[in-house]
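Residues 1 to 134 in UniProt numbering are what the sequence shown spells out, letter by letter. Everything on this sheet refers to the single structure shown next.
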Amino acid sequence: MQDPRMLNQRKQKSRKTISSHDQANYMRGLQEASPTLPVKTLQKIPKKGIKNDTTLYYRPQQRPRQSIEQDSTAANEYRALRRKYLELEQESCNLGNELRVAEHEITTLEDEKLQLLDELLVLEGLVDPLEAQP
1 MQDPRMLNQR KQKSRKTISS HDQANYMRGL QEASPTLPVK TLQKIPKKGI KNDTTLYYRP
61 QQRPRQSIEQ DSTAANEYRA LRRKYLELEQ ESCNLGNELR VAEHEITTLE DEKLQLLDEL
121 LVLEGLVDPL EAQP
């Protein structure tokens with residue numbers, strides 16, 4: 001078995017420490033590679049600052065009472081018109097159904113009328129019974 005202190009020493013040797021001089025060179029290299037990015041964008045932004053900034057943008061607007069009353073009046077008018085529109089839509093649907101039923105009755109009555117006329121012609125002897133049946 002190996003001594004745990006020996007393992008810690010090996011890990012410490014394998015880790016490379018970066019001096020402040022190397023960090024400065026690294027930052028300069030980043031700036032030269034992309035001159036459009038300022039150094040500030042590479043730094044971490046604190047979260048507290050972001051939270052404070054968002055509160056500035058999200059504030060409910062204070063509206064005068066008269067404006068609110070006008071909105072509620074407009075909303076009531078809209079609801080009344082919407083209700084009337086839906087009632088008319090329902091009435092239109094009902095009338096459409098009644099029209100279909102009436103048209104079906106008309107075609108049925110016309111078919112009956114033609115059959116009765118054919119039967120009348122046969123009874124009066126104007127047409128031979130074999131010719132009347134298609």
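Beta carbons: idealized from backbone N, C-alpha and C, even for Gly. Computed from a predicted structure; not experimentally measured.
Check                                                                                                           : Outcome
Inter-residue Cα distance where the pair is E89 and E110                                                        : 32 Å
Spatial neighbours of L121 in its chain, beta-carbon cut-off 6 Å, leaving aside the 5 residues before and after : V127
Helix, strand or coil at L126 according to DSSP, with G and I counted as helix                                  : coil
Closer than 7 Å to chain D by CB, S72                                                                           : Here there is only one protein chain, and chain D is not present.
Alpha-carbon to alpha-carbon, Y85 and G125                                                                      : 60 Å
Straight-line gap, E69 to A75 (C-alpha atoms, nearest Å)                                                        : 10 Å
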